[in-house]
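Residue numbers (this note's numbering), protein chains in the order written: chain V, 90 to 362; chain S, 90 to 362.
Just so it is clear, CB atoms sit at the ideal spot from N, CA and C, and this is done for glycine as well.
Protein chains: 2
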Amino acid sequence: MPQSDETSAFDAATAVHRTQDGSLRTELDPGWEVGGGILNGGYLLSVIGRAAVLESPHAHPVALSASYLRAPSAGPATLTVVPGPSGRTLAHSLVTLSDAGGPALVVQATTSTLTAAPSEYGHPMPDVQPVEEGFSIAEHRDLAPPGVQVPGLSLRVDTRLDVATAGWALGQPSGEPVLRAWMRFTDGREPDPLALLTFADALPPTSFAMGNFGWAPTVQLQVLVRALPAPGWCLVEARSSELSGGWVDEDYRIWDSTGRLVAQSRQLARAPR
Amino acid sequence: MPQSDETSAFDAATAVHRTQDGSLRTELDPGWEVGGGILNGGYLLSVIGRAAVLESPHAHPVALSASYLRAPSAGPATLTVVPGPSGRTLAHSLVTLSDAGGPALVVQATTSTLTAAPSEYGHPMPDVQPVEEGFSIAEHRDLAPPGVQVPGLSLRVDTRLDVATAGWALGQPSGEPVLRAWMRFTDGREPDPLALLTFADALPPTSFAMGNFGWAPTVQLQVLVRALPAPGWCLVEARSSELSGGWVDEDYRIWDSTGRLVAQSRQLARAPR
């Protein structure tokens, strides 16, 4: 747990500040990469979410739909928020993240204020073994498949794979494009809606479970935040429904430590060769 | 089947034309409504998809992420397409649909050219009874629950509910937020990627299966088109994962007549009271 006088790694890496001329700036942290210096798409979405709520009367991102135009570089970046219609329940905006090379992400953001409303219907959390029995990606970096390095992301987001979906790391891919893991920030920073935006793209590509260890660049990603997560570990599940023609989808569900469904995401990515 | 010298109702209702000054215009058809004159969100997305491919080097919409700012009126509307990065595999653009009241939908469009590539992995089509045994929404309009009128959409998209998910129409809601139906255009126009955009939002709200017959306005909707559909009926399934705090998600999978998964969608909507 970070001490109270210490900023968590996540909060530092996603900080957005307003300059004297009123524009929004951030410093993209090279540590949140997924290999080859490519920054994680969920991490970038957390930065976007922070900018969206800064310019909204509402406190939380509830729906972000992102187009990944190109991979931005680590370092300084600018955020532009164009407000759309805004009301008592929700507000719309269009957020663009740009680095020196130009626009990298364009995101439609819907913000609202999530409450402690109980769930009226919730997709149940799957049965998995306890966190302590999960397969830690960071601790087993010597077991990574050939050509795969443990990314900076997995050092910052403690990722404990459900062993039923970790066969690929031991040379025995399941052949089913499903991955599940317990997740929390390594420094103990508790989850919140902004954290869920990172978790919603923080598993390895589902193609790993098929024995294919290439990178799967995201083309579009939509994340829905459905509730305020309780403290503790989240269970994150990714599943693909269709793989063909060089395209793959990834569909995430995230439950908090009480078993409540707190976020969903879906992305279309280019399939690794 | 429409005769060869006849334009299908869908093609006529989604036609986009370029005016002399180069702008794109459409005429939104009041027939594609879902009650109270509100136009179906999937129908609007088909119009958007047509505009996106008109301004793209690629032939098909593969990912559209839409924010529904407000419900547009039937009648004349304008489409603005701002091109983004474009390459051999895909092109990005931002499409806005506006009527006399201003912008109504903002959509991030990714276009590509779908091929006849075989599926390497596909989520299997669920077992349902044959089309002829499905429960036709249009034919049973006298059975509609109190306050529910058969919408214009269901007259234009022939919708045959899986009887296992049609209990709500007979006064026996299943209590599980899942609906499934065979769909095709009533005039026999065959499915294509543009049609799938309409099908991806064409079922009644999943809350109907919970016995709640209010309108569930879409806030954001993402549709992925995964393959060129074969001729014939499509099977469309909608499922909600979480209902709370006035919000509901709807998650669609669509299979073509050969059983291949051809489209997916996910939306966040305001839950009916």
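* Spatial neighbours of residue 317(V) within its chain, please: CB distance less than 6 Å, with the 5 preceding and 5 following residues excluded, ordered by chain position. => 203
* Does DSSP put residue 297(V) in a helix, in a strand, or in coil? -> helix
* Identity of the residues DSSP links to residue 326(S) by a beta bridge -> 269(S), 342(S)
* To do: Starting from residue 261(S), find everything on chain V with Cβ-Cβ shorter than 7 Å and list it in chain order.
  => The premise fails here: residue 261(S) is roughly 18 Å from chain V at the closest Cβ pair, so nothing lies under 7 Å.
* **Helix, strand or coil at residue 90(S) according to DSSP, with G and I counted as helix** => With a pLDDT of only 49 at residue 90(S), under 50, the local geometry of the prediction cannot be trusted, and no value is derived from it.
* To do: Have a look at residue 146(V) and residue 180(V) and give me their C-alpha separation to the nearest angstrom.
  => 8 Å
* Asked: What do you get for residue 331(V), buried or exposed, if any count of 16 or more other CB atoms within 10 angstroms of its CB means buried?
  -> buried
* alpha helix (DSSP H) segment containing residue 142(V), residue limits -> 130-143
* Asked: Run through DSSP, which three-state label would residue 336(V) get?
  -> strand
* Asked: Quick one: is residue 109(V) near chain S, going by C-beta distance under 7 Å?
  -> no
* Asked: Can a CB atom of chain S be found closer than 7 Å to the CB of residue 90(V)?
  -> Residue confidence for residue 90(V) is low, a pLDDT of 49 falling below 50, so the modelled location carries little weight and cannot support an answer.
* Within chain V, partners of residue 342(S) - CB distance below 8 Å -> 330
* Asked: When DSSP builds the beta bridges, which residues end up paired with residue 318(S)?
  -> Residue 318(S) pairs with nothing; no bridge assigned.
* According to DSSP, which residues form a beta bridge with residue 152(V)? -> 199(V), 313(V)
* Could you tell me whether the region 165-175 of chain V touches the region 99-114 of chain V, where touching means 3 or more Cβ pairs closer than 8 Å? => yes
* Three-state secondary structure (DSSP) of residue 243(S) -> helix
* With a threshold of 16 other CB atoms inside 10 Å of the CB of residue 261(V), please say whether the residue is buried or exposed. => exposed
* What does DSSP give as the partner residues of residue 163(S) in its beta bridges? -> Per DSSP, none; premise fails for residue 163(S).
* Asked: Ordered along the chain, which non-local residues of its own chain (more than five positions away) have a Cβ less than 6 Å from that of residue 218(S)?
  -> none
* Asked: For residue 177(S), does the count of other Cβ atoms within 10 angstroms reach 16, so buried, or fall short, so exposed?
  -> exposed
* **Distance between residue 118(S) and residue 157(S) (C-alpha atoms, nearest Å)** => 18 Å
* Buried/exposed call for residue 280(S), threshold 16 Cβ in 10 Å -> buried
* With DSSP collapsed to three states, give me the class of residue 146(S). => coil
* Between 205(S), 248(S), 242(S), which lies nearest to residue 221(S) when the distance is taken from Cα to Cα? -> 248(S)
* Counting Cβ pairs, one atom from each stretch, are 3 or more of them under 8 Å apart for the region 134-152 of chain S and the region 204-218 of chain S? -> no
* What three-state label does DSSP hand residue 362(S) in the structure shown? -> coil
* **Which of helix, strand or coil DSSP assigns to residue 188(V)** => strand
* Three-way DSSP call (helix, strand, coil) for residue 249(V) in this model -> strand
* C-beta atoms of residue 357(V) and residue 313(S) nearer than 7 Å -> yes
* Just to confirm, does residue 294(V) get its C-beta within under 6 Å of one of the non-hydrogen atoms of the ligand SAH? -> In terms of ligand content, the structure shown is empty, and the ligand SAH therefore cannot be addressed.
* **As assigned by DSSP and simplified to three states, the class of residue 170(V)** => strand
* To do: Look at the alpha carbon of residue 366(S) and the alpha carbon of residue 109(V), and state the distance between them as a whole number of angstroms.
  => With chain S represented from 90 up to 362, any question about residue 366(S) goes unanswered, as that position is not in the structure.
* **Neighbour list for residue 212(S) in chain V, Cβ cutoff strictly below 7 Å** => 330, 331
* Asked: Given that residue 199(V) touches chain S, what residues does it touch there, using C-beta distances under 8 Å?
  -> 156, 308, 309, 357
* Asked: What's the gap between the Cα of residue 297(V) and the Cα of residue 266(V)?
  -> 8 Å
* Asked: For residue 90(S), which residues of its own chain have a beta-carbon under 6 Å away from its beta-carbon, when the five flanking residues on both sides are left out?
  -> Confidence at residue 90(S) is low in this model, with a pLDDT of 49, below 50, so its placement is unreliable and the value that follows should be read with caution. Cβ within range, chain order: 277.
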